[in-house]
Amino acid sequence: MATVVAPRRGIFARPTGATGWLSWVTTVDHKRIGIMYCVTAFAFFIIGGLEALLIRAQLAQPNGEVLSAEAYNQFFTMHGITMIFLVVMPMGVGLMNYLIPLMIGARDVAFPRLNAFSYWVFLLGGLFIYSSFFLGGAPDGGWFGYAPLSTQLPGDGMTFYSLGLQILGVASLAGAVNFIITIINMRAPGMTLMRMPVFVWMSLVTTFLLLFAMPVIAVALFQLMFDRVYEANFFRPSAGGDPLLWQHLFWLFGHPEVYIMILPAMGIVSDVLPTFARKPIFGYAAIVFAGIAIGFMGWGVWAHHMFAAGLGPVANSAFALSTMFIAVPTGVKIFNWIGTLWGGAIRITTPFLFAVGFVAMFIIGGLSGVSHSIVPHDQQQTDTYYIVAHFHYVLFGGAIFGLVAGFYYWWPKVFGYLLSEALGKLHFWLMFIGFNLAFAPMHILGLQGMPRRYYTYPDGMGWNFWNLISTLGGFVIALSFVVFIVNVIRSHKKREEAGDDPWDGRTLEWSIPSPPPEYNFARVPVVQARDDWWHKKYVETPEGEPTRVFAGGANGDDAHGSEEDAGHGIHMPDPSYFPLVASFGLPIMGYGVIFQPVLIGVGALILMLGLFGWVLEPSAEEAH
Amino acid sequence: MSAQEAAAHAPAEHQTSTGLDNVKLAMWAFLGSECLFFGSLISTYLLYRNRVLDGPRPHEIYDIPYTSVSSFVLLMSSVTMVLALAAIQRGDHRGLRIWLLATAMLGTVFIGGQVYEFTAFVEEGLKLSTSTFGSAFFVMTGFHGAHVTVGIFMLLSLVGMSMFGRLSDADGPRKVELIGLYWHFVDIVWIVIFTVVYLIPTN
Amino acid sequence: MTQTGIEHSPREEEELAHHPDPRQYIVVGVWLAIVTALEVAIYYVDSLQDIIVPFLLVFAFIKFFLVVTWFMHLRFDSALFRRLFVSGLVLALVVFAIVMTIFLARGGAVPEIAGG
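Chains A, B and C supply the protein sequences, listed in that same order.
Under the working numbering, the first residue of the first sequence is numbered 1, with each subsequent residue one higher.
Under the working numbering, the first residue of the second sequence is numbered 1001, with each subsequent residue one higher.
Under the working numbering, the first residue of the third sequence is numbered 2001, with each subsequent residue one higher.
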């Protein structure tokens, strides 16, 4: 047989460009995908923020006339859906995408095309949900979609909800599988599980939560869809349908979901604080096991969202106890973060400020959370602004502060230049002040009885003042993000070169150039310790002082590194059209369910063709 | 490309931290996730099967002998599937195709049986919209049937790939094994459904 | 015939060495058929109706176990695969057992609908 064999090709010629928009649209590079995730999520953050400002404008005064009741319902529903599914989750996934291979010494994720598919499905899913505004009205039954309200609301809004979240769920599940395998199976030699950065560990727990939680809400959403579109009876009380079934299925997903949102941010903070304290994370094993414990226990607390639903005293007590217990591993982490800072050589930088802000705000949110675990207390708090205060403290004060810390911290690695410290600190203080102005008063309003999910409130309740303050806070938050955008634009223009390791970091991503080359590591690193990069740079004197071993970081100066690939002959997977093609099938099927059944078949066909092309195409062309 | 060149060309991809194959790990993770999916569907059914305010009740309408036969068919398809894998593992590609086609055919018989059962139920007055029992039954078994159908497509694709020589490389058995895992999982879901839904008595 | 041109990790080599031969698969298939026949048979035995549920569950478990360990090869494969699958399975069982218990404790009977 001749040795010259025609290269195996997919159905179409492979895209080959490295620059230009087509290269981004066909990329399978985890770094580009990570950037796209974060940019898209940030755009949705602006939109979700504008929705929030509209809500706050409406509630600034009693009997507000900014939004009608119908409009308000759509805006608060979309605000919740946007912030949860289109902002916090994808920002976490975006950072996971960019960083995990770098942190574990890998060249890419386990399934690069699946990775691209996840991103495109996310983008198209978000656009699908938002298209509802133009196609009859957005979802208006709350992000939690309680049945039978959600099954009975007229119009297509809640059908867009059920289908849109299904589409996003596909993206999340695919991403979860990808990262679980990446973390378990793609680590560099010597990178044992207990040497991984805490961010990678928290991501591993997060992805397992995604893996097991997404199917449950998928079933609930399908049942909702069947009720709305095909006259099923899952939540129809007159046929024996039980609204509690929805609540159980939803919160079985919903509680792990909140840990999905917070664990990546906790991981970020666990890697940022040590850098700016020049100390390793205090109690690495404890913080890792606490994260795992949270992942496990998070499955045992869901009915604390249902204390007012009439489950009975036995169920309520059991879940109250489990909820109280889950505060323990969280508390462990908080003590570990404080212990990291204690006695450290602190450098106050922007990422440091956001990370500390995370810890402080999360403590507050956690404390109100523990107060929810007391059932009689919660039965007063339910459906009031006290709950709204709690979850904004943990999700904004927690997750967003943590994610923003991550943005500032890894910005120089991703883009090669530093963001302005002055503007960054201004961003922090405005955001910190604005956030607390916006949400602290909600504790008071809630305890005073102001109900949530209402488009207005009457005069004379004693709620006017704090609502006005809260609205003011919202606008200060918005201003803080204007500062951030200005920072990005000006720093981009100024291009103050960051170098490989501007923060004197501890983990592997700081050992490679900024921005990293396509293949990440010229030599696959051989890891010898936790915080391996730190230990390559520093050796401790007998007094315990770190002393620099060598200056400047090349690609990990280890003679033990794999010799076959020193920048040459590194086999990276090729770009591909098929993840994008396949992803289009899903929203088309969605539109089919709502408007025109034939589209279901069309979408399925596109999905199938995309998948066939993908499977038949090798992950990398052999001839280059 | 010779074997040595193939080995030298892509060594990194085969060095994984656990020594195990990425895709196989991914498939098992996915099957773990599917347990939650079918668990939710089956639990919904268990909750709703006795809530029949209208229309037939489960054991008024189930035809146990009929469903036993179709369950048996699906069970045997797992046997043919594993024989297909054994065939390609010893390099017998013709055997592979025969057993894959047998599996696909048994799966199609099962689906045909499901379609017939569904039509019969509708004629006897049980539809998706009739009762909570009806909704839960059709959605649960419908999703299972959809999974089987996807499986049949994948089996036929494997047959096609084999005919075009795409399974003749070192990677071929692994691909068959992966589809096999999916197929067996779909079978064990039915093992659960057959017992829990059809056999266990209702009030 | 073993796979040529592919490097196997020692673990994968071990897996490949343990494939059951087709005859063993057929034997498992026969057992599956027998258990199915038993299941259907006891369904029709009137005197066993009161205790039928434990039997049926045991039979289902046997079939489940046979397919997973032999056909899906889990008994010969690395423990990691087993752990991935079992975690999902156990989680589903536990969590839905709790949900069903909560519903049953409330009295899962059909609610009274005034006026029908």
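The beta-carbon is built from N, C-alpha and C at its ideal position, and this holds for glycine as well.
Requested in this report: Using three-state DSSP, classify R548(A) as helix, strand or coil.
Outcome: In the first sequence, residue 548(A) corresponds to position 548, counting from 1. In the structure shown, R548(A) sits in a strand (DSSP, three-state: E or B).
**Report entry** Through-space distance from L611(A) to H1147(B), alpha-carbon basis
**Finding:** Here the question's residue 1147(B) lines up with position 147 in the second sequence. Here the question's residue 611(A) lines up with position 611 in the first sequence. When rounded, the distance between both Cα atoms is 16 Å.
Query raised in the report: If you drop the 5 nearest sequence neighbours on each side, which residues of the same chain put their C-beta closer than 7 Å to that of F478(A)?
Result: What you label residue 478(A) is simply residue 478 of the first sequence in a count that begins at 1. This sequence places Ala at residue 478(A); Phe is not what is there. Excluding sequence neighbours, A478(A) sits near G49 and L53.
**Report entry** Beta-carbon separation (whole angstroms), P412(A) vs P274(A), contact threshold 8 Å
**Finding:** As a first step, residue 412(A) must be located in the first sequence, where it is residue number 412. As a first step, residue 274(A) must be located in the first sequence, where it is residue number 274. The pair is not a contact, with the Cβ atoms about 17 Å apart (cut-off 8 Å).
Requested in this report: In the DSSP assignment, find the unbroken beta strand (DSSP E) run with E497(A) in it and report its ends.
Outcome: Walking along the first sequence from the start, residue 497(A) turns up at place 497. Counting along the chain, E497(A) sits inside no beta strand (DSSP E), nor does DSSP assign it H or E at all.
Query - Reduced DSSP category for P630(A) - H, G, I as helix; E, B as strand; rest coil - result: The displayed coordinates of chain A run from 1 to 624. Any statement about residue 630(A) would go beyond what the structure contains.
**Report entry** Segment contact, 8 Å Cβ cut-off, at least three pairs: the region 134 to 144 of chain A with the region 211 to 227 of chain A
**Finding:** no
**Report entry** Through-space distance from G136(A) to V269(A), alpha-carbon basis
**Finding:** As a working mapping, residue 269(A) is identified with position 269 in the first sequence. As a working mapping, residue 136(A) is identified with position 136 in the first sequence. C-alpha separation (whole angstroms): 42 Å.
Query raised in the report: Apart from the five residues just before and just after W251(A), which ones in its own chain have a Cβ nearer than 8 Å to its Cβ?
Result: Here residue 251(A) is taken as the residue at index 251 of the first sequence, counted from 1. Result list for W251(A): W302, A303, H305 and M306, in chain order.
Query raised in the report: How about V2110(C): is its C-beta nearer than 8 Å to some C-beta of chain B?
Result: Residue mapping note: residue 2110(C) aligns to position 110 of the third sequence, counting from 1. With a pLDDT of 44 at V2110(C), under the threshold of 50, the predicted position of this residue should be treated as unreliable, though the coordinate-derived value follows. At least one chain B Cβ lies under 8 Å of V2110(C).
Requested in this report: May I ask you to report which of helix, strand or coil DSSP gives E1034(B)?
Outcome: Sequence index remark: in the second sequence, residue 1034(B) carries index 34 (1-based). Correct three-state label for E1034(B): helix.
Report task. Leaving aside the five residues before and after G473(A) along the sequence, list all residues of the same chain whose C-beta is less than 6 Å from its C-beta, in chain order. Result -> Locating residue 473(A) in the first sequence gives position 473, where the first residue counts as 1. Result list for G473(A): G434, L437 and A438, in chain order.
**Report entry** Amino acids of chain A, ordered along the chain, whose beta-carbon sits closer than 7 Å to that of L2093(C)
**Finding:** As a working mapping, residue 2093(C) is identified with position 93 in the third sequence. Going along chain A, no residue has its Cβ under 7 Å from L2093(C), so there is no contact; the nearest lies around 12 Å.
**Report entry** Runs of alpha helix (DSSP H) lying entirely within the region 393 to 481 of chain A, each at least 4 residues, in chain order
**Finding:** 401 to 415 and 421 to 447
Query - Cβ neighbours of M1081(B) in the same chain (closer than 6 Å, five flanking residues each side left out) - result: Reading the second sequence from its first residue, position 81 is the one you call residue 1081(B). Spatial neighbours of M1081(B) in its own chain (CB-CB distance under 6 Å, excluding positions within 5 residues in sequence) are listed in chain order as T1103, G1180 and W1183.
Query raised in the report: Do you know how far the Cα of V1176(B) is from the Cα of D557(A)?
Result: Here residue 557(A) corresponds to residue number 557 of the first sequence, with the count starting at 1. Here residue 1176(B) corresponds to residue number 176 of the second sequence, with the count starting at 1. Its pLDDT being 45, under 50, D557(A) is placed unreliably by the model, and the measurement read from it follows with that caveat. Straight-line Cα distance between these residues: approximately 43 Å.
**Report entry** Separation of M461(A) from E65(A), as counted between CA atoms
**Finding:** The count along the first sequence starts at 1 and reaches residue 65(A) at position 65. The count along the first sequence starts at 1 and reaches residue 461(A) at position 461. Roughly 18 Å between the two C-alpha positions.
Query raised in the report: Can you list, in chain order, the residues of its chain whose CB lies under 6 Å from that of P1173(B), leaving out five sequence neighbours each side?
Result: Counted from its first residue, the second sequence places residue 1173(B) at position 173. Here the set comprises I1088 and Q1089.
Query raised in the report: Thinking C-alpha only, which one of R1097(B), D1092(B) and C1035(B) is nearest H1144(B)?
Result: Residue numbering aside, residue 1144(B) sits at position 144 when the second sequence is read from its first letter. Cα-wise, what sits closest to H1144(B) is C1035(B).
Query raised in the report: Which residues, in order along the region 218 to 229 of chain A, keep a beta-carbon less than 9 Å from a beta-carbon of chain B?
Result: A218, V219, A220, F222, Q223, F226 and D227
Query raised in the report: Cβ of V524(A) less than 8 Å from any chain C Cβ?
Result: Numbered from its first residue, the first sequence carries residue 524(A) at position 524. Cβ-Cβ to chain C under 8 Å: no for V524(A).
Query raised in the report: Using a Cβ-Cβ distance under 8 Å, would E231(A) count as near chain B?
Result: Residue 231(A) sits at position 231 when you count from the first residue of the first sequence. At least one chain B Cβ lies under 8 Å of E231(A).
Query raised in the report: For L609(A), which of V1197(B), I1188(B), S1157(B) and L1167(B) has the nearest alpha-carbon?
Result: Reading the first sequence from its first residue, position 609 is the one you call residue 609(A). When only C-alpha atoms are compared, the closest one is S1157(B).
Query raised in the report: Shorter than 8 Å from the beta carbon of T1108(B) to some beta carbon of chain A?
Result: Taking the first residue of the second sequence as position 1, residue 1108(B) is located at position 108. At a cut-off of 8 Å between beta-carbon atoms, T1108(B) makes no contact with chain A.
Query raised in the report: Looking at C-alpha atoms only, which residue of I292(A), L249(A) and M158(A) is the closest neighbour of M202(A)?
Result: In the first sequence, residue 202(A) corresponds to position 202, counting from 1. Closest by alpha carbon: I292(A).
**Report entry** Exposure of G553(A), with buried meaning 16 or more beta-carbon neighbours within 10 Å
**Finding:** Numbered from its first residue, the first sequence carries residue 553(A) at position 553. Confidence is the limiting factor: at G553(A) the pLDDT is only 44, short of 50, which leaves the residue's position unreliable, though a coordinate-based value still follows. So G553(A) counts as buried.
Query raised in the report: Roughly how many angstroms separate the alpha carbons of F1133(B) and D1187(B), rounded to a whole number?
Result: As a position in the second sequence, residue 1133(B) is number 133, starting the count at 1. As a position in the second sequence, residue 1187(B) is number 187, starting the count at 1. The alpha-carbon atoms of F1133(B) and D1187(B) are separated by roughly 23 Å.
Query raised in the report: Which residue comes first and which comes last in the alpha helix (DSSP H) that contains E1060(B)?
Result: Position 60 of the second sequence, counted from the start, is the residue given in the question as residue 1060(B). In this chain, the alpha helix (DSSP H) harbouring E1060(B) covers P1058 to I1061.
Report task. Could you spell out the range, first to last residue, of the alpha helix (DSSP H) harbouring V87(A)? Result -> The residue labelled residue 87(A) in the question sits at position 87 within the first sequence. Per DSSP, V87(A) belongs to no alpha helix (DSSP H) and is neither H nor E.
Query raised in the report: Which parts of the region 1092 to 1136 of chain B are runs of the alpha helix (DSSP H), unbroken and 4 residues or longer, counting only runs that do not cross its ends?
Result: 1093 to 1123
Report task. Select from P525(A), V526(A) and L263(A) the residue whose C-alpha is nearest the C-alpha of L403(A). Result -> Sequence index remark: in the first sequence, residue 403(A) carries index 403 (1-based). When each option's Cα is compared against that of L403(A), the closest is L263(A).
Query raised in the report: Beta-carbon of T2069(C) versus every beta-carbon of chain B: anything under 8 Å?
Result: For the purposes of this step, residue 2069(C) is identified with residue 69 of the third sequence, where counting begins at 1. No, no contact with chain B.
Query raised in the report: Can you name the residues of chain A whose CB is closer than 8 Å to the CB of V2099(C)?
Result: Taking the first residue of the third sequence as 1, we reach residue 2099(C) at position 99. H248 and L252, listed in chain order.
Requested in this report: Return the CA-CA distance between Q247(A) and L168(A), expressed in angstroms with no decimal places.
Outcome: Within the first sequence, residue 247(A) is the residue found at index 247, counting from 1. Within the first sequence, residue 168(A) is the residue found at index 168, counting from 1. So the two alpha carbons sit approximately 20 Å from each other.
Requested in this report: Buried or exposed for T547(A), please, with buried defined as at least 16 other CB atoms from any protein chain shown within 10 angstroms of its CB.
Outcome: Here residue 547(A) refers to the residue found at position 547 when the first sequence is read from its first residue. Looking at its Cβ environment, which holds fewer than 16 other Cβ atoms inside 10 Å, T547(A) is exposed.
Report task. Assess, as a yes-or-no matter, whether the region 2086 to 2100 of chain C is touched by the region 2046 to 2058 of chain C under the definition of 3 or more beta carbon pairs within less than 8 Å. Result -> no
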